[in-house]
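The numbering of the sequence shown is this note's numbering, which starts it at 5 and goes up by one.
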Amino acid sequence: MAETKYIFVTGGVSSSLGKGIIAASLAKLLQARGFKTTIQKLDPYINVDPGTLNPYEHGECYVTEDGAETDLDLGHYERFLNVNTSQANNVTTGRIYQSVIEKERRGEFLGKTVQVVPHITNEIKERIQLLGNNGDYDIVITEIGGTVGDIESLPYIEAVRQLKWELGDENALVIHLTLVPYLAAAGELKTKPTQHSVKTLMESGIKADILVCRTEHELSDDIRRKLAIFCNVRQEAVIQSIDADTIYDVPNMMLEEGLDTVTLKKLGLPDDTTPKLERWNEFLKRHKNPKSEVNIGLIGKYVELQDSYKSILEAFIHAGAENEVKVNIESIHSEFINENTIHHKIAHLDGILVAPGFGERGIEGKIDAVRFARENKIPFLGICLGMQMAVIEFARNVLQLKAANSTEMDPETQHPVIDLMEEQKDITHKGGTMRLGAWDCHLTENSLVSRIYGKADIKERHRHRFEYNNKYKEHLENAGMLSTGINPDTGLVEVVELKDHPWFIGVQYHPEYKSTVASPHPLFVDFIKAARTYSRKKNSASLAPNQ
Ligand code: GLN
């Protein structure tokens, strides 16, 4: 194909309408028709990346293969498309300004006054085209974060306006996502907020080509006609996006609404293929028709906010479908786990996952949960901080090193079983000390983890500062906590498992970032399998006649 086509997705009326899911669904349909498609998210906040935001602010921080700390929407893109994203796929206002200011300091603007227009808008346009210019993609979908009319989105909207003009109508289009609210008192769907939002977009010089309307009720033909005429789009370009049972239904819903067809038509691309969605639909079928269920405890400290553990929750959906098991997640706040509550809170579970996290709050509850899983032989998966807690628990309660801790929680601890590496100790700049992105790991032959992966060499994504302290390795191993995944270059321990436990694994990396619909993560798949086995055993034991 000659030129890369660009699709911009803007949002109006309200936030949280699901722009990321619409963008990912459209990308999925285009990919399923054979177009090489990628998605990019532009975030209008001033943080250089979301790495420094706490999960309450912005949900999970998603990490890409190349080590970028990004918006959680990139996780959706990867889960839908099964294609890696990179730093170039997520750009924030902070990054744009940082780069423009660095250029100014280097004297690249030849004595000119540096301004939002054209310097900031040019930088935005460059970042958008960066993905298209290398020839890897037929179509680039760029999602503009925020809502039109926001002060902070203005430079992005202006950049889109200019780019659309430069590229020409056949090479670029704008999809505007809005809300069509239902007023119960009037018994009607209301189009006015959408009209206003389209008008705001028009004031910035952008005409929406396609409207995607979030709604709780079906849009009648009348409403569609009204939206089309007042928002200046063709009726077939009014796309209904009704609330779905699962985000994974959205690609099929968009297919039914013809979002891919109008898009291709507007971009002058051939519409002579049918999307190949067999694998996707097979996943949906399994997801919707489970044969059994398991209860998994997600022990974390950001459990009030659904989005904090987004990739973990999605990885469970993929793994559940693979096993044809419904995975019920019980989010359990680790701050409320203690000796008195633990039995009531976790004894009934079929699997326990101790979540990633930072800082001291809630860690004792996590350690108690690990102990419960270890002693009662409940399947256990510890991710990042969860793995570190497993090491601390084992050191305290099996090795009897009662003071064992991570230097993150207690810098003076007598037994730093989790510690900073020497070379990290002098770095104070946030972001500078983190081990980020994909790192190699070699799995020990005949270990549980190598059986699960079915291979010896893996690459997984990291996001942490502290590490397993190799000074305690021999002691831990001799007592039964085996190090079964090692970074071949640094010797750092990436995986631990227990000798005398049917399924107990701690991983320093984040397997959840790599689980997709097309390729569910083996650790999650096997964890759910182990939980099902555990649950069956438990049930058959309780059904056994009294002797
Ligand atoms: N706080 C721990 C560290 O920095 C774990 C981080 C995580 O769970 N992502 O090493």
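All residues carry an ideal CB built from backbone N, CA and C; glycine is no exception.
If residue i sits next to residue j, beta carbons under 8 Å apart, how far is it from one beta carbon to the other, in whole angstroms?
{"i": "Ala394", "j": "His419", "result": "At roughly 15 Å, the Cβ-Cβ gap does not stay under 8 Å, so Ala394 and His419 are not in contact."}
{"i": "Ala367", "j": "Met438", "result": "The sequence as given places Ile at residue 367; Ala does not occur at that position. The pair is not a contact, with the Cβ atoms about 19 Å apart (cut-off 8 Å)."}
{"i": "Gly220", "j": "Asp249", "result": "According to the sequence as given, residue 220 is Glu; it is not Gly. With a Cβ gap of about 13 Å, Glu220 and Asp249 do not count as contacting."}
{"i": "Ile145", "j": "Thr41", "result": "7 Å"}
{"i": "Thr182", "j": "Gly16", "result": "5 Å"}
{"i": "Glu471", "j": "Leu452", "result": "Not really, about 22 Å apart at Cβ, beyond 8 Å."}
Can you tell me whether residue i is helix, strand or coil according to DSSP?
{"i": "Ser315", "result": "helix"}
{"i": "Trp507", "result": "coil"}
{"i": "Ile341", "result": "coil"}
{"i": "Tyr186", "result": "strand"}
{"i": "Ala442", "result": "strand"}
{"i": "Thr151", "result": "coil"}
{"i": "Met413", "result": "coil"}
{"i": "Ala323", "result": "helix"}
{"i": "Glu96", "result": "The question names Glu, yet the displayed sequence has Thr at residue 96. It is a strand residue."}
{"i": "Asn299", "result": "strand"}
{"i": "Pro420", "result": "strand"}
{"i": "Lys330", "result": "strand"}
{"i": "Phe531", "result": "helix"}
{"i": "Tyr10", "result": "strand"}
{"i": "Lys463", "result": "strand"}
{"i": "Met485", "result": "strand"}
{"i": "Phe398", "result": "helix"}
{"i": "His468", "result": "strand"}
{"i": "Leu405", "result": "coil"}
{"i": "Phe384", "result": "strand"}
{"i": "Ser544", "result": "helix"}
Could you tell me the alpha carbon to alpha carbon distance between residue i and residue j, rounded to whole angstroms?
{"i": "His446", "j": "Ala28", "result": "33 Å"}
{"i": "Gly63", "j": "Val329", "result": "27 Å"}
{"i": "Ala163", "j": "Asp77", "result": "21 Å"}
{"i": "Lys23", "j": "Thr14", "result": "8 Å"}
{"i": "Glu297", "j": "Ala36", "result": "31 Å"}
{"i": "Val511", "j": "Glu69", "result": "17 Å"}
{"i": "Pro122", "j": "Ile179", "result": "24 Å"}
{"i": "Pro159", "j": "Thr411", "result": "43 Å"}
{"i": "Gln119", "j": "Gly38", "result": "41 Å"}
{"i": "Glu501", "j": "Phe508", "result": "5 Å"}
{"i": "Tyr10", "j": "Gly139", "result": "13 Å"}
{"i": "Asp47", "j": "His466", "result": "23 Å"}
{"i": "Gly153", "j": "Gly71", "result": "33 Å"}
{"i": "Ala407", "j": "Glu397", "result": "10 Å"}
{"i": "Ile25", "j": "Thr417", "result": "45 Å"}
{"i": "Asp53", "j": "Phe340", "result": "32 Å"}
{"i": "Asp225", "j": "Met206", "result": "24 Å"}
{"i": "Thr345", "j": "Glu108", "result": "58 Å"}
{"i": "Gln91", "j": "Pro360", "result": "22 Å"}
{"i": "Asp423", "j": "Asp311", "result": "29 Å"}
{"i": "Gly369", "j": "Asn401", "result": "14 Å"}
{"i": "Ile132", "j": "Ile43", "result": "10 Å"}
{"i": "Ser245", "j": "Cys217", "result": "5 Å"}
{"i": "Leu231", "j": "Lys203", "result": "12 Å"}
{"i": "Ile387", "j": "Lys503", "result": "19 Å"}
{"i": "Met5", "j": "Lys45", "result": "The predicted model places Met5 with a pLDDT of 45, which falls under 50 and marks its position as unreliable; any figure quoted below should be read in that light. Approximately 24 Å, taken between the alpha carbons."}
{"i": "Val374", "j": "Val358", "result": "8 Å"}
{"i": "Glu326", "j": "Asn236", "result": "45 Å"}
{"i": "Gln551", "j": "Glu343", "result": "For Gln551, the predicted model reports a pLDDT of 49, less than 50, meaning its position is unreliable; a value from the coordinates is still stated below. For Gln551 and Glu343, the distance between alpha carbons rounds to 32 Å."}
If you measure from the CB of residue i, is any heavy atom of the ligand GLN nearer than 7 Å?
{"i": "Gly361", "result": "yes"}
{"i": "His419", "result": "no"}
{"i": "Arg469", "result": "yes"}
{"i": "Leu389", "result": "yes"}
{"i": "Glu412", "result": "yes"}
{"i": "Gln392", "result": "yes"}
Of all the CB atoms in chain C, is at least one closer than 8 Å to the CB of residue i?
{"i": "Leu57", "result": "Absent here is chain C; the protein component of the structure consists of one chain."}
Given 8 Å, three or more beta-carbon pairs between the stretch 525-532 and the stretch 304-323: As far as the Cβ criterion goes, the stretch 525-532 touches the stretch 304-323, which means the pair count is three or higher.
For the stretch 441-456 against the stretch 479-491, are there 3 or more C-beta pairs whose distance is under 8 Å? Yes, the stretch 441-456 touches the stretch 479-491.
Would you say the stretch 274-282 touches the stretch 512-524, given that touching needs at least three Cβ pairs under 8 Å? In short, these stretches do not touch, since the Cβ pair count stays below three.
Is it a yes or a no for the stretch 77-94 touching the stretch 104-113, going by three-plus beta-carbon pairs under 8 Å? Because the criterion of three Cβ pairs below 8 Å is not met, the stretch 77-94 and the stretch 104-113 do not touch.
Contact between the stretch 471-480 and the stretch 351-363 (3+ Cβ pairs under 8 Å): Fewer than three pairs of CB atoms, one per stretch, sit closer than 8 Å, so the stretch 471-480 makes no contact with the stretch 351-363.
Count the C-beta pairs between the stretch 204-216 and the stretch 252-267 that are closer than 8 Å, then say yes if the count reaches three, no if not. The stretch 252-267 and the stretch 204-216 touch, with three or more beta-carbon pairs separated by less than 8 Å.
Touching or not, the stretch 302-309 and the stretch 535-549, by the rule of three or more beta carbon pairs under 8 Å? Three or more beta-carbon pairs separated by less than 8 Å are not found between the stretch 302-309 and the stretch 535-549, which leaves the two stretches without contact.
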